[in-house]
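Top to bottom, those sequences are chains A and B.
Using the numbering used here, read the first sequence as starting at 1 and increasing by one per residue.
Using the numbering used here, read the second sequence as starting at 1001 and increasing by one per residue.
Remarks on the structure that follows.
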Amino acid sequence: MKKILILIAIAMLVQPSWALKKRYMLSLEGEYGFNTTWQHYGGAELKAFMPVNDNVELEVAAEALSSNVFNASVTARPKMALPVGEMFIDASFAYSAVQRNRIHDFVGAGSIGYRMDYVSVQVGGFYRAMASYDREWHSEEEYMCEPFNLLYRISANVRPLCSRWNIYMGMANYNETQYERMWQPLFFVGGYYDFKPKSSFEYEYNAASHFRLLAELTVKPTGMFHLDASFYGARAKVGFAYKF
Amino acid sequence: MKKLTIILLAILALTSCKQGNLDMLGMFYTKSDDADERFIQSEEWNNEHPMATVSVASDNYRIYTMTDIHVDTTTLNLDTFTAAFLQDVQSTQTLTAPFCFCLGDVINAVNNFPKFQAYITKIENAGLRVYGTPGNHDLYYDQWEIYRSYWHTSHFPLVVQTPSGKRDLYVFVDSSSGTLGKLQTEWLRSLLKEASGEGYRHIVVCTHTHFWKKDQSQGHTSDFALEETYELADMFGQYGVELVIQGHSHNRNVQQFKHVTYLRLDAMEDHYYNAFYTIFSVGERIVWDYVPVGPQTHEDNCPRVEGL
């Protein structure tokens, strides 16, 4: 039995992180943010991560902000393991009810990405359509579409993806609930920590911990590619996730 | 290694050399004052020099408008614009307003303000005025102070009164940092709220940065943050703004959202493939006419007259 355990342990050690079987995860995060337009606001985000099988993942997120803005998104992610790393395709749909300004904001996004233990890159495009709450069918003056925006994300981790704690940082023009225009990047730094389960062996290989602590800070400058950049806003999120 | 050295030298040249066209350090922080600081300084001027109501000689009048001139080594299109404006005022005194509009990016890089200002002086010497707001190029390399020394303010309301007592409100706002900032947004909301009940014939907002990303012409130009786009679009719709005139992307576009028309104008930059200035005819309706300028202009697929 001991030999078998050692063999399993070795197998897990040499197995790359992206090839590890992922687990369902449900997370709830509290938010505090500030920006020039909304000033101070708070919020909560509920997120579910669902590995359907070895080749498909689903992500669903919903967010409510005290600035009277409500966001939701769903992402389907077919993926394929490569000899080094993993390639994936994100197909996402996001909706924002900007209640304070009586605007619906719909986004359809498609992107291709590649992730390894320490680095992940993603590039694609998205379509945006905004509509006034007061819109009626055929009223063109209440409808605005932006046919193509570039989507990008690049991030780096200090430890392999499967680690029981990690710190990541990067730049993107989108997150789970907001898709910014291509010249409006979001800079983020975040991390997670998996609480220790009863069995230290399982803990070592991140196989049985259920609770995860999450934190992320995002900063949004404006005018960066005007070459006249200034601070616009920042948002901090802290929460827990339950893996099962 | 050789390539890397060349790239590093190029970056160094762009960021440190005052002759460069791009202030690359501006990607990370601006050396010019930020939007709120510019607002405070402009308000000091506005309070000491309240904007007078400008009278025009006819209920229907024309406004010459230029944007994205990017004065650098030549001023060919600016020559043409100034000559046409001055001639038009002289020949049709009752129809052409005694002022013109400029929506920013008057220069391309440092040391070019005096070249542009020579034309402003020429126009002012004819008893006319130029009303304008800065673009991002006007602030590169810490140029706000230079801009301010010539233009004094970056935001202000302008009321135009016609002989029959009709009044049109033009609000110039400073979006050269891709945001209006907190103070200017509050000022704009208060101004528009008050104006919406005062019976203006037209309320028009003039600014540099565009609000929407409609086509590939904005591939190189940034917009407002989404939160600010929502907020301003709603504010304009709520308080009866009829037209928002923008520059920045160098290409024309007309869109409507929340019953507000967003008009993006062509650049008037020398040697630009499609350089135009725009003449607005303001009466009961606002109609605009794109006027080609410069030797390289191509008019294919360019409708000449549009309106609300």
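The beta-carbon is built from N, C-alpha and C at its ideal position, and this holds for glycine as well.
As the structure is a prediction and not an experimental result, all values here were calculated from the model.
What span of residues does the alpha helix (DSSP H) with residue i cover, start to end?
i, result
"Lys1122/B", "Phe1113 to Asn1125"
"Gln1041/B", "Ala1035 to Glu1048"
"Tyr1230/B", "Leu1226 to Gln1238"
Taking CB distances under 8 Å as the criterion, tell me whether residue i reaches chain A.
i, result
"Ala1109/B", "no"
"Leu1139/B", "yes"
"Asp1223/B", "yes"
"Ala1267/B", "no"
"Asn1112/B", "no"
"Lys947/B", "Here chain B comprises residues numbered 1001 to 1308, so residue 947/B is not present and cannot be evaluated."
"Thr1153/B", "no"
"Phe1156/B", "no"
"Gly1181/B", "yes"
"Gly1307/B", "no"
"Met1024/B", "yes"
"Glu1186/B", "no"
"Met1174/B", "The sequence shown places Asp at residue 1174/B, not Met. Chain A, which has no Cβ nearer than 8 Å to the Cβ of Asp1174/B, makes this no."
"Thr1030/B", "yes"
Comparing the C-beta of residue i with each C-beta of chain B, is any distance below 8 Å?
i, result
"Glu63/A", "no"
"Ala129/A", "no"
"Asn166/A", "no"
"Leu227/A", "yes"
"Ser66/A", "no"
"Arg212/A", "no"
"Gln122/A", "no"
"Glu142/A", "yes"
"Tyr232/A", "yes"
"Ala11/A", "Caution is warranted here: a pLDDT of 43 is assigned to Ala11/A, below 50, making its placement in the model unreliable, and the coordinate value is therefore given only provisionally. Chain B contact via Cβ: absent."
State yes or no: is the C-beta of residue i nearer than 7 Å to some heavy atom of the ligand FMN?
i, result
"His1152/B", "With respect to the ligand FMN, the structure shown offers nothing to examine, as it has no ligands at all."
What are the start and end residues of the beta strand (DSSP E) that includes residue i?
i, result
"Phe1099/B", "Thr1096 to Cys1102"
"Trp38/A", "No beta strand (DSSP E) contains Trp38/A, which DSSP labels as neither H nor E."
"Ile1279/B", "Phe1276 to Val1282"
"Met116/A", "That residue, Met116/A, is in no beta strand (DSSP E); it is neither H nor E in DSSP."
"Leu82/A", "Looking at the DSSP string, Leu82/A is not in any beta strand (DSSP E), and its letter there is neither H nor E."
"Glu1269/B", "Element bounds for Glu1269/B: n/a, residue is neither H nor E."
"His1202/B", "His1202 to Cys1206"
"Phe211/A", "Phe211 to Thr222"
"Glu59/A", "Val56 to Leu65"
"Arg246/A", "Residue 246/A is absent from the structure shown; chain A starts at 1 and stops at 244."
"Ile1000/B", "Because chain B spans 1001 through 1308 in this model, residue 1000/B falls outside it and cannot be assessed."
"Val1291/B", "Ile1286 to Pro1292"
"Phe1211/B", "Where Phe1211/B is concerned, there is no enclosing beta strand (DSSP E), given that its DSSP letter is neither H nor E."
"Leu227/A", "Leu227/A -> no beta strand (DSSP E), and no H or E assigned at all."
"Leu1243/B", "Leu1243 to Gln1246"
"Gln1256/B", "Asn1253 to Phe1257"
Just to confirm, are residue i and residue j a CB contact at a threshold of 8 Å?
i, j, result
"Asn35/A", "Tyr232/A", "yes"
"Asp1023/B", "Gly1247/B", "no"
"Phe126/A", "Val107/A", "yes"
"His1137/B", "Asn1108/B", "yes"
"Asp1059/B", "Lys1166/B", "yes"
"Gly1135/B", "Ser1190/B", "no"
"Glu86/A", "Lys1213/B", "no"
"Lys1182/B", "Tyr1239/B", "no"
"Leu1025/B", "Gly1294/B", "no"
"Ile1286/B", "His1202/B", "yes"
"Val123/A", "Leu161/A", "no"
"Tyr143/A", "Trp165/A", "no"
"Ser1249/B", "Gly1178/B", "no"
"Ile1245/B", "Leu1265/B", "yes"
"Glu63/A", "Arg77/A", "no"
"Arg153/A", "Tyr133/A", "no"
"Ala236/A", "Ser27/A", "no"
Interface residues of chain E around residue i at Cβ under 8 Å?
i, result
"Arg235/A", "No chain E appears in this structure, whose protein chains are A and B."
Quiz item: Which runs of the beta strand (DSSP E) spanning at least 3 residues fall entirely within the stretch 1056-1089 of chain B, listed in chain order?
Solution: Counting only runs of 3+ residues, the beta strand (DSSP E) found wholly inside the stretch 1056-1089 of chain B occupies 1061-1066, in chain order.
Practice problem: Any chance you could list the alpha helix (DSSP H) runs of at least 4 consecutive residues sitting entirely within the stretch 1117-1199 of chain B, in chain order? | Solution: 1144-1151 and 1181-1195
Practice problem: Using a Cβ-Cβ cut-off of less than 7 Å, give me the residues of the stretch 1053-1076 of chain B that come near chain A, in sequence order. | Solution: none
Quiz item: Taking Cβ-Cβ distances below 7 Å as the criterion, which residues of the stretch 1200-1216 of chain B are in contact with chain A?
Solution: Trp1212, Lys1213 and Lys1214
Exercise. Report the residues of the stretch 1240-1255 of chain B with a CB closer than 8 Å to any CB of chain A, ordered along the chain.
Key: Gln1255
Quiz prompt | Cβ-based contacts, 9 Å cut-off: residues of the stretch 87-101 of chain A near chain B | solution = Ser96, Val98, Arg100 and Asn101
Exercise. Anything in the stretch 145-163 of chain A with a Cβ closer than 9 Å to a Cβ of chain B? List those residues in chain order, please.
Key: Cys145, Glu146, Pro147, Phe148, Asn149 and Leu150
Quiz item: Enumerated in chain order, which unbroken segments of the alpha helix (DSSP H) with a length of 4 residues or greater are wholly contained in the stretch 117-204 of chain A?
Solution: 200-204
Quiz item: Name the residues in the stretch 35-63 of chain A whose C-beta lies less than 7 Å from a C-beta of chain B; which are they?
Solution: Listed in sequence order: Asn35, Thr36, Thr37 and Trp38.
Quiz item: For the stretch 1033-1048 of chain B, which residues have a beta carbon sitting closer than 7 Å to at least one beta carbon of chain A?
Solution: So the list reads Asp1034 and Ala1035, given in the order they occur along the chain.
Quiz item: Listed from N- to C-terminal order along the chain, which residues in the stretch 1114-1145 of chain B have their beta-carbon within a distance smaller than 7 Å of any beta-carbon of chain A?
Solution: Against chain A - using a Cβ distance shorter than 7 Å - the residues of the stretch 1114-1145 of chain B are Asn1136, Leu1139 and Tyr1140.
Quiz item: Taking Cβ-Cβ distances below 7 Å as the criterion, which residues of the stretch 20-33 of chain A are in contact with chain B?
Solution: none
Practice problem: Check distances from the C-beta atoms of the stretch 165-187 of chain A to those of chain B and list, in chain order, the residues that come in under 9 Å. | Solution: Gln178, Tyr179, Glu180, Arg181, Met182, Trp183 and Gln184
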